[in-house]
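This report refers to the structure that appears directly beneath it.
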Amino acid sequence: MSEIKIIEVPKWGLSMEEGTLNNWLIEEGDSFKQHQELCDIETSKISNVLEAPFDGVLRRKVAQPGQTLPVGGLLGVVADASVSDAEIDAFIAQRSVAPAPAPEPSPVAATAPAAPAAPAVAAKAPAPAPAAKTSNGWQVPQALLGFSAEPVFATPHATRLAKELGIDLSRVTGNGPTGRISVADIEQTVKDHGGKVATLQPAQRADSPARSRADDSQIVATPLARRLAAKLGVNLNDCRVTGSRGRVSKVDVLEAHAAQNPVAAAPVQAAAQAPEAEVLPMNGMRKAIAARLQESKRTAPHFRLQADLDLEALLALRSEINASAPAVKLSVNDLLIKAVGLALVKVPDVNVQFDEARQAVLRFKDADVSVAVALPGGLITPIVRQANRKSLSSISQEMLDLVTKAKAGTLKPEEFQGGTFSISNLGMLGVSQFDAIINPPQGAILAIGAGEQRVVAHNGQPAVRTQMTVTLSCDHRVIDGALGALFLKELKRLVQTPSLMML
Amino acid sequence: MTDKYDVLVIGGGPGGYVAAIRAAQLGLSTALVEQQHLGGICLNWGCIPTKAMLKGAEVGHTLKHLDTFGFSADNIQFDIAQLVAHSRGVSRKLTGGIAYLLKKNAVKVIDGRGRVSAKGVVTVSSDTGEAQYQARHIILATGARPRPLPGLVADGQKVWSYFDALVPKTVPESLLVIGSGAIGVEFASLYSDLGSQVTLVEVAKQIMPVEDHDVASLVQREFAQRGIRVLTQTKVSAVQGEVGALQCRLTLSDGSEQTVHVAQVLLAAGIQPNTEDMGLEALGVEFDKGFIKTDAWSRTSVAGLYAIGDVAGAPCLAHKASHEGVICVEKLAGVDGVHPLNKSRIPGCTYARPEVASLGLTEAAARSKGHSINVGRFDYQANGKALAMGESTGFVKTIFDSETGELLGAHMVGPHVTEQIQGFGIAQALEATDAELSEVIFAHPTLSEAMHEAVLAARDRALHQ
């Protein structure tokens, strides 16, 4: 039997957890070469083309456009013509819900056994392909079953649930503090592997009728009622039977739904009381921002240091360069990127990432400066790599390209993933001073306020000077106060004596 | 400072408005500054209204030859005002269409004259005053205008430019056309068909100097047969007199002088870029023969400043401007797989009678560049459809590299060739060789069969000649 290969959702970046298939670029039956473009996949940050990892023939599109799958999720099946459709059906059934452990051969078992043995049977009966373990509404894919002897860090609830279901916790990714596995993590992992999770019922209220979980496929119902019930999540066992010829009708389903969802059933009343709100589904970028910054705020102990920088010399330098070099248009931000890059190299202990898994600090030689760029509905942080080594004009040109690409959505993953330090500038929006949340796993971020004229003491006299307030947020796990202060001091020296940047 | 845009385009012609739409499609906040009318020269005073006028000329020509098809008619009247009204109406309609497209794509249209007052800053002046706009990328698409000759400026009275020739109050009894590029040749053909006695003057050796010599010769012969007097290697040194009775002093190829008496003169001796009063010199923009100097991606020598279309140099064609606009925007937006403009793949069309369409190198240019070539030629005389239509003048000429089979050039003159040239354009873009083109099945009976035969002829395999 020829080999069956799979196309799965790739992992394009550390934070990538799922991908949405936008569209297929080839058809079933098409053969393709390695590196050929197969389909468009959108992640929380970008839309990118998936290239074929090998040559082959696409036999089946398992995922449909619009579907969101976890990393590793099955997109399509690849095999040459010698593999029958039935074998492919069996393969898919086997993968989506792993076959029963099948300890004893059972003559009645119409499962999807090793495909070649009975492909026809498998093809005809893929629907009831059983989960490895079904209990209390859970269907746990075989891939997750087992027991790990190694200690696993999990909540007591999660440990008990795993034991009940026979799930190997070492195969579950923990998203809790320091990687602790919660019940939610188990549920997510089971779902990601194509299994089913028992729907947790809200605490039963005295006035809301019980919900049946029994199989309702044998209940006689009108086609409309059955479809509506499926859509609303109503079990037909819970419905009265008032339709013709003893069938559950649309009205019955709606009644049952209303009884089970009292709040939903009274939308008019609710609308009268609740303030009107538009429901805006979060897009991938919004979700990523929410998850990452939540994680940062929860896990990284932030402390902040503030400094006022005098901009007079830097502005003079900028004007001079811009006035004399047509091909260069420096912004204050471009100069600050360069200054930050040089300061980071001078104080390398701020140019760090926290590697939690290894309990280590990664210290970088070059400063890859992530620059926050606001987009409609979100933000992204394209990176000026090796800002310490680059000329001001190349930093400026690079920033122009990166910002435009960010707006056009054409940034490549390597252009915004990584970075050793971030800056966020809200000065152009008139913000005097603000605090930023660290962009994990980086160790610090600089929040830049507006350059504004202030009356300050200058050489013992009051003077009007253009000044700017910057705020450094540091992760105290890896950067201490004095160290952060040292970085700000170096930054201040470079900004106030910008000719040092020419060295 | 009012607004900040990702992309701001100055000029709403076929280069500028297309660039703006593409930028907006890519999700960039985009504005377009236009001082007069959207659509630029192309829609308002060029490509489109001339085609409307030329359709009238074609109708006139058809009416003169009704007998070929068994018809006769008398008392045929012609009202130039009506034809002009039709032409202006078409322009108005399309200009409105551009406004709709820009609105649909959320491009902010700013009325007024744009000037780059500093890097990344455009000052727009209009009746309501001045306003400043910031933009990361500024694209200059200000186009070009008719070029005056020494001592000869289009005044709209004695000497017309194409603006005036598009809205004539009457058809001049006689017309001297100076310059035989696409504009000059089209107007010579138009006014000849409308009844003017036309003289066409060209300073170069052949009319339509950028076209293949064989093509130009055929057009010149056809013009001569229609009663158009064609003078090559001739200069106009002075125009004197009053409208309706002008004396034009010509210097002929042999150095002799001649005076021609005409009612009207049309100056069509090329165009010059609109680069004045835009703050470009102060910014350090570099120029090349008056046009803005740009690189393969339309970048000028100033940061964040781009130039596309006529203002950035020849060929001064609407489709070149549009294409350049798309390339420029896609490149600055980081779109994958953008290719620089390949000038050998820009078709050129002249809508005279006969029509001329061409692509790539002329035979002379191919030879002087040192290519070893195979040339194929097929006359419409041997094309059934052309004979049936009663328009069998013209030919198709193909030029292939004899070693690689690459299509280096294609030159067509005759009926509806402007609609057919893209067949060769597609072949060139897909890098088809003479072998693939030979294998294509062309429908019968069509004018395009002549294209196939011209390919076969280049391989000495023409079937019908």
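Line order of the protein sequences matches chains A and B. Heads up: the first sequence begins at 1 in the UniProt record's numbering, then just goes up one per residue. Heads up: the second sequence begins at 1 in the UniProt record's numbering, then just goes up one per residue. Cβ atoms here follow ideal geometry from the backbone N, Cα and C, with glycine treated the same way.
What three-state label does DSSP hand residue i in the structure shown?
{"i": "W160/B", "result": "strand"}
{"i": "D6/B", "result": "strand"}
{"i": "Q240/B", "result": "strand"}
{"i": "A122/A", "result": "Confidence in A122/A is poor, its pLDDT being 36 and thus under 50, which makes the residue's placement too unreliable to answer from."}
{"i": "L402/A", "result": "helix"}
{"i": "P413/A", "result": "helix"}
{"i": "C248/B", "result": "strand"}
{"i": "K33/A", "result": "coil"}
{"i": "H137/B", "result": "strand"}
{"i": "N374/B", "result": "strand"}
{"i": "R60/A", "result": "strand"}
{"i": "residue 506/A", "result": "As shown, chain A starts at 1 and ends at 503. That puts residue 506/A outside it, with no answer to give."}
{"i": "G348/B", "result": "strand"}
{"i": "W138/A", "result": "strand"}
{"i": "M428/A", "result": "helix"}
{"i": "N48/A", "result": "strand"}
{"i": "D254/B", "result": "coil"}
{"i": "W12/A", "result": "coil"}
{"i": "D185/A", "result": "helix"}
{"i": "Q397/A", "result": "helix"}
Here's the rule: buried if 16 or more other CB atoms are within 10 angstroms of the residue's CB, otherwise exposed. What is residue i?
{"i": "A203/A", "result": "Because A203/A carries a pLDDT of 44, less than 50, the predicted location of this residue cannot be relied on, and the following value inherits that uncertainty. Classification of A203/A: exposed, given that the 10 Å Cβ count is below 16."}
{"i": "M282/A", "result": "exposed"}
{"i": "D480/A", "result": "exposed"}
{"i": "N235/A", "result": "buried"}
{"i": "S256/B", "result": "exposed"}
{"i": "S324/A", "result": "exposed"}
{"i": "M53/B", "result": "buried"}
{"i": "T173/A", "result": "exposed"}
{"i": "G390/B", "result": "exposed"}
{"i": "E104/A", "result": "Low confidence applies here, because E104/A scores a pLDDT of 41, under 50, leaving its location unreliable and the question unanswered by this model."}
{"i": "G12/B", "result": "buried"}
{"i": "Y100/B", "result": "exposed"}
{"i": "residue 504/A", "result": "Outside the shown range of chain A (1 to 503) lies residue 504/A, about which nothing can therefore be said."}
{"i": "L66/B", "result": "exposed"}
Note down, in chain order, each residue of its chain lying with its Cβ closer than 7 Å to the Cβ of residue i, except the 5 sequence neighbours on either side.
{"i": "H452/B", "result": "V440 and F442"}
{"i": "L342/A", "result": "N388, L494 and M501"}
{"i": "G378/A", "result": "M285, R286 and I289"}
{"i": "R95/A", "result": "L74"}
{"i": "S432/A", "result": "G449, A450, E452 and T469"}
Does the separation of the CB atoms of residue i and residue j fall below 8 Å?
{"i": "residue 538/A", "j": "A79/A", "result": "Since the displayed chain A opens at 1 and closes at 503, residue 538/A lies outside it and no answer follows."}
{"i": "Y380/B", "j": "P415/B", "result": "yes"}
{"i": "T242/A", "j": "V251/A", "result": "yes"}
{"i": "P141/A", "j": "R292/A", "result": "no"}
{"i": "K61/A", "j": "W24/A", "result": "yes"}
{"i": "R358/A", "j": "D349/A", "result": "no"}
{"i": "A269/B", "j": "I207/B", "result": "no"}
{"i": "V159/B", "j": "V185/B", "result": "no"}
{"i": "T159/A", "j": "R304/A", "result": "no"}
{"i": "L38/B", "j": "I98/B", "result": "yes"}
Residues bridged to residue i by DSSP?
{"i": "R454/A", "result": "R465/A"}
{"i": "T123/B", "result": "R115/B and Q132/B"}
{"i": "C474/A", "result": "F303/A and A444/A"}
{"i": "residue 505/A", "result": "Look at the range of chain A in this structure, 1 to 503, and you will see that residue 505/A is not part of it."}
{"i": "A221/A", "result": "V248/A"}
{"i": "G409/B", "result": "G360/B and I399/B"}
{"i": "G40/B", "result": "For G40/B, which the question treats as bridged, DSSP gives no partner whatsoever."}
Looking only at its own chain, which residues have a Cβ that is under 8 Å from the Cβ of residue i, when we skip the five neighbours before and after it?
{"i": "D368/A", "result": "I383, V384, R385, Q386, A387, G418, G419, T420 and F421"}
{"i": "G73/A", "result": "E8, V9, E18, G19, A63 and D192"}
{"i": "E58/B", "result": "D193 and R353"}
For residue i, I'd like the list of residues in its chain whose CB is within less than 6 Å of its CB, leaving aside the five on either flank, ordered along the chain.
{"i": "R171/A", "result": "L144"}
{"i": "S189/B", "result": "A352 and R353"}
{"i": "F54/A", "result": "Q34"}
{"i": "V347/A", "result": "L486, F487 and E490"}
Checklist entry - Any residues in the stretch 369 to 387 of chain A with a beta carbon nearer than 7 Å to a beta carbon of chain E? Which ones, in chain order? => result The chain labelled as chain E is not found among the protein chains of the depicted structure, namely A and B.
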